[in-house]
Amino acid sequence: MTLTQAQKAAVVAIWAKVATQADAIGAESLERLFSSYPQTKTYFPHFDLSQGSAQLRGHGSKVMNAIGEAVKHIDDIRGALAKLSELHAYILRVDPVNFKLLSHCILCSVAARYPSDFTPEVHAAWDKFLSSVSSVLTEKYR
Numbered sequence: 241m242t243l244t245q246a247q248k249a250a251v252v253a254i255w256a257k258v259a260t261q262a263d264a265i266g267a268e269s270l271e272r273l274f275s276s277y278p279q280t281k282t283y284f285p286h287f288d289l290s291q292g293s294a295q296l297r298g299h300g301s302k303v304m305n306a307i308g309e310a311v312k313h314i315d316d317i318r319g320a321l322a323k324l325s326e327l328h329a330y331i332l333r334v335d336p337v338n339f340k341l342l343s344h345c346i347l348c349s350v351a352a353r354y355p356s357d358f359t360p361e362v363h364a365a366w367d368k369f370l371s372s373v374s375s376v377l378t379e380k381y382r
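Okay, so the sequence shown: first residue is 241 according to this note's numbering, each after it adds one.
(1) Cβ of LEU270 within 8 Å of Cβ of SER325?
(2) For HIS363, which residues of its own chain have a beta-carbon under 7 Å away from its beta-carbon, when the five flanking residues on both sides are left out?
(3) Is the region 284–296 in contact with the region 339–350, if contact means three or more CB pairs nearer than 8 Å?
(4) Under the rule that 16 or more other beta-carbon atoms within 10 Å means buried, what is GLY319, buried or exposed?
(5) Using alpha carbons as the reference points, say which of VAL258, VAL311 and SER301 lies closest to ASP357.
(6) For my contact list, ILE314 and VAL251 are in at a C-beta cut-off of 8 Å; report their separation, rounded to the angstrom.
(7) Could you check if GLN247 is buried or exposed, using at least 16 other CB atoms within 10 Å of its CB as the buried criterion?
(8) In this structure, does DSSP put HIS286 in helix, strand or coil?
(9) Count the other CB atoms within 10 Å of the CB of SER290; is the residue buried (16 or more) or exposed (fewer)?
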């Protein structure tokens, strides 16, 4: 999935705002994930999954740092996330569908925080971007 220059610009512009609240958005996105899709909790049996827990905030921060790396290397998302893809496929063995579910939760969290900036065009750009991230993270499964 190739992003147009306008879509890349939209992703980068919103990321500039998201980056200032990335940890909170990451934790909120995980809370949405676990609430909406409770089956995803199986990968975190050792975590305190209560709202605002330190472990949830820490993992949310890691998730958003990876998104930040993908934004920073928007022309080479595959290269930027290669090690993360291998980790999730070969060591953690996360069900690939979970990346799409988390992407949807991130999209909801970002849209909720920046409603006036999240125009239909920006929504489409972020959806395409997060789909690309998900695709990269699942390609080692093939």
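For each residue, glycine too, the CB sits at the ideal point set by N, CA and C.
Here's the rundown:
(1) no
(2) ALA351
(3) no
(4) exposed
(5) VAL258
(6) 7 Å
(7) buried
(8) coil
(9) exposed
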